[in-house]
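J.:
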Amino acid sequence: MIEVTRRYVMKFPPDSADKALTYKLIKDYDIKFSILKAEVRPGRTGSLLLELEALPENIQKGIEYLEANAVICEPLGKKIKFEASKCINCGNCTGVCFTGALTMDRERWKLNFEPELCVVCELCVPACPMNLFDINFHEEEPEKIAVGN
Amino acid sequence: MSFKKSYEEINEKIRKGKAVVLTAEEVSAMARELSPAEIVKRVDVVTTATFGAMCSSGAILNFGHTTPPMRMERITLNGVPAHGGLAAVDTYIGATSENPDNIKYGGAHVIQDLVEGKTVELEAWGKGTDCYPRKYIKTKISLETINEATLFNPRNAYQNYNVATNTTSKIKYTYMGTLLPGMKNANYSTAGELSPLLNDPEMRTIGIGTRIFLGGTVGYVVWPGTQFNTSKEKNQFGVPMSNAATIAVIGNLKEMSAEFIRAAYYEKYGVSLFVGIGLPIPILDEDMAHRVSIRNEQIETTILDYGTAGTPVLGKTNYAELQSGEISINGNKVRTAPVASLQKAREIADLLKKSIQDGKFELTAPVAIFPTGTSLKKLFETEGGER
Chain H
5 MIEVTRRYVM KFPPDSADKA LTYKLIKDYD IKFSILKAEV RPGRTGSLLL
55 ELEALPENIQ KGIEYLEANA VICEPLGKKI KFEASKCINC GNCTGVCFTG
105 ALTMDRERWK LNFEPELCVV CELCVPACPM NLFDINFHEE EPEKIAVGN
Chain C
932 MSFKKSYEEI NEKIRKGKAV VLTAEEVSAM ARELSPAEIV KRVDVVTTAT
982 FGAMCSSGAI LNFGHTTPPM RMERITLNGV PAHGGLAAVD TYIGATSENP
1032 DNIKYGGAHV IQDLVEGKTV ELEAWGKGTD CYPRKYIKTK ISLETINEAT
1082 LFNPRNAYQN YNVATNTTSK IKYTYMGTLL PGMKNANYST AGELSPLLND
1132 PEMRTIGIGT RIFLGGTVGY VVWPGTQFNT SKEKNQFGVP MSNAATIAVI
1182 GNLKEMSAEF IRAAYYEKYG VSLFVGIGLP IPILDEDMAH RVSIRNEQIE
1232 TTILDYGTAG TPVLGKTNYA ELQSGEISIN GNKVRTAPVA SLQKAREIAD
1282 LLKKSIQDGK FELTAPVAIF PTGTSLKKLF ETEGGER
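First to last, the sequence lines map onto chains H and C. Take the first sequence: its position 145, counting from 1, is numbered 149 in the numbering used here, and each next residue is one higher. Take the second sequence: its position 243, counting from 1, is numbered 1174 in the numbering used here, and each next residue is one higher.
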């Protein structure tokens, strides 16, 4: 078995701050991970983009463990919506994509999109003149209405 | 005696299905092996194309008269202001006009919606006159319900264009795309050796009346485009090294396709329209064969700093370097990205090539050629400074 690298967007529930969830990933499942992006809002959900590197079965067990602790785990590719059928291959998005997830095929001049290289910087979203990218890193919750006024 | 062909001779070959047609990229590759003297004998027509954002675009529409009739003085289409100063029921909807309530939707989107067969809400106001008593209308129109719909673009297909980068510490949102701070990217828009006006830089065969591919149908060059400038410095290969000549084009919007007419919105800039143009060049003589043989590495352009007022010049590059994905600016390696679609431009050049090969598209000699010795004027202020 060889180790693989997978990127997941994980949404942590508000009460998870006091649990050593990611520590368990390292200790019990031997997963190396890098935090590529984090948005933690105290008292509300936190979102992490994690790159996991481990044996595939360990990644699966780690994800199952997190899910058992109310963490929502989704492969990165599922969080990025791209309407490829409407793409005109203009290349605007490749200009801002510094990780190389969006590149031009320099033979056919078509867009190559490799979601696995994405770090969810979201620069492509406004850069696309056709508005074809929709990235949902953290689902915005409706602002809580203050009690009393 | 050098070999020459007339338009009529080329059209006769087209009618017989015997014309030899290549795209500008194909003929540039051929020119590595063959001289212009050989190419003029073998090739009759070269197709060029571009598919890029062309802000100076729009459509002339005639809605038909209401009962009682109305003189439309203020007009919106899906909330986008269209020109009201054009008789009673004519309008010009400019591609970059924006809906004030939704600035991401503009004239270009109205044009694309119409091309896609969608209905568009027309709202119009007039003061009411004896012969045009009606003062207000709100109704739905589509390309089927209105009289004429004519795409008329005053400035398209720029002969070369600058490369845009940004030396400042702030991200810049421009019509040349999003420019990252610290010169982390450089964007270019011209299709290089496939670009129409770079294949006939002296405009010998492109003039008033030139039949072209426009937005998926047949269109025409009707005039030199606005800001038509023949005074830009040319390099040793005879092409201008920055944006120079342009063309005004016209065609029947009702026959166009959203494959080749696409609305765009640029963050913190505004709306524009991607327009597909294909332009055939007759290989009349050795000079034209030489012109269409130009290759990407021979077409130079100017790198400008779009982050700094006055867009200072940072250097020069060429389209072989730009298309390689990286250029050097003052010793810095900078990643490049196109902002116009070479893939779509090639599709258009191939479609036009096939139309000509199939005898469906004949070439036209210009009714009049374009002026030479033109340059641009600046707008000077007579009434004090910026407020």
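From the three backbone atoms N, C-alpha and C, an ideal C-beta is built for every residue, glycine too. Small disclaimer: the values here were computed from a predicted structure and weren't measured.
Can a CB atom of chain H be found closer than 8 Å to the CB of Ser1272(C)?
T.: Closer than 8 Å: yes.
J.: What residues are listed by DSSP as bridge partners for Arg11(H)?
T.: Paired residue(s): Glu55(H).
J.: Enumerate in chain order the residues of its own chain whose CB-to-CB distance from Val951(C) is below 7 Å, with the five nearest sequence positions on each side excluded.
T.: For Val951(C), where only same-chain residues beyond five positions count, the Cβ hits under 7 Å are Arg973, Val974, Asp975.
J.: Excluding the 5 residues flanking Met5(H) on each side, which residues of the same chain have their C-beta closer than 6 Å to its C-beta?
T.: Contacts found: Leu59.
J.: Measure how close the beta-carbons of Leu1294(C) and Ile941(C) come, nearest whole angstrom, since I'm counting them as under 8 Å.
T.: Correct: roughly 6 Å between the Cβ atoms.
J.: By a C-beta neighbour count over all protein chains shown, 10 Å radius and 16 as the cutoff for buried, is Asn116(H) buried or exposed?
T.: That one is exposed.
J.: Against chain H, which members of the stretch 1179-1194 of chain C pass a CB distance test of less than 7 Å?
T.: Under the 7 Å Cβ criterion, the stretch 1179-1194 of chain C contributes Arg1193.
J.: Beta-carbon of Lys1101(C) versus every beta-carbon of chain H: anything under 8 Å?
T.: Answer no: the Cβ-Cβ gap between Lys1101(C) and chain H never drops below 8 Å.
J.: Given a cut-off of 8 Å on the beta-carbon distance, is the pair Ala1280(C) and Thr954(C) in contact?
T.: The answer is yes: Cβ separation under 8 Å.
J.: Between the stretch 129-143 of chain H and chain C, which residues of the former have a C-beta closer than 7 Å to a C-beta of the latter?
T.: The residues in question are Pro130, Ala131, Pro133, Met134, Asn135.
J.: Using beta-carbon positions only, say whether Pro1302(C) and Arg1222(C) come within less than 8 Å of one another.
T.: The answer is no: Cβ separation not under 8 Å.
J.: When you compare the CB positions of Ile80(H) and Pro119(H), do they come within less than 8 Å of one another, or not?
T.: Before going further, note that residue 80(H) is Leu rather than Ile in the sequence given. Yes; because the gap between Cβ atoms is below 8 Å, this pair is in contact.
J.: Taking Glu1164(C) as the reference, give the member of Leu1017(C), Ile1258(C), Thr1232(C), Gly1010(C) with the closest Cα.
T.: Out of Leu1017(C), Ile1258(C), Thr1232(C), Gly1010(C), Thr1232(C) has the C-alpha closest to the C-alpha of Glu1164(C).
J.: Just confirm the distance between the C-beta atoms of Tyr1104(C) and Tyr1200(C), as a whole number of angstroms; I'd bet it's less than 8 Å.
T.: Indeed they touch by this definition, with Cβ atoms about 6 Å apart.
J.: So with CB distances below 9 Å, who are the chain H contacts of Gly1201(C)?
T.: None at all; the shortest Cβ gap to chain H is about 11 Å.
J.: Kindly indicate which three-state DSSP category Val974(C) falls into: helix, strand or coil?
T.: The answer is coil: DSSP assigns Val974(C) none of H, G, I, E or B.
J.: Please report the Cβ distance between Val893(C) and Asn1130(C), rounded to the nearest whole angstrom; I am assuming they are in contact, meaning their Cβ atoms lie under 8 Å.
T.: As shown, chain C starts at 932 and ends at 1318. That puts residue 893(C) outside it, with no answer to give.
J.: Please return the same chain residues whose Cβ sits closer than 6 Å to the Cβ of Glu1217(C), not counting the five positions on each side in sequence.
T.: Once the five neighbours on either side are set aside, the close Cβ partners of Glu1217(C) are Ser933, Pro967, Ala968, Val971.
J.: Find out if the Cβ-Cβ distance for the pair Val1298(C), Gly1156(C) is shorter than 8 Å.
T.: No.
J.: Going by DSSP, what residues sit across from Tyr69(H) in a beta bridge?
T.: DSSP lists no partner for Tyr69(H).
J.: Measuring CA to CA, which of Asn993(C), Pro1064(C), Ala1080(C), Leu1128(C) is closest to Lys1092(C)?
T.: The residue you asked about is not Lys; residue 1092(C) is Tyr in the sequence shown. When each option's Cα is compared against that of Tyr1092(C), the closest is Leu1128(C).
J.: Per DSSP, Ala1080(C) forms a beta bridge with which residues?
T.: Looking at the DSSP assignment, Ala1080(C) forms a beta bridge with Leu992(C).
J.: Under the three-state reduction of DSSP, which class applies to Tyr1197(C): helix, strand or coil?
T.: Residue state, collapsed to three classes: strand.
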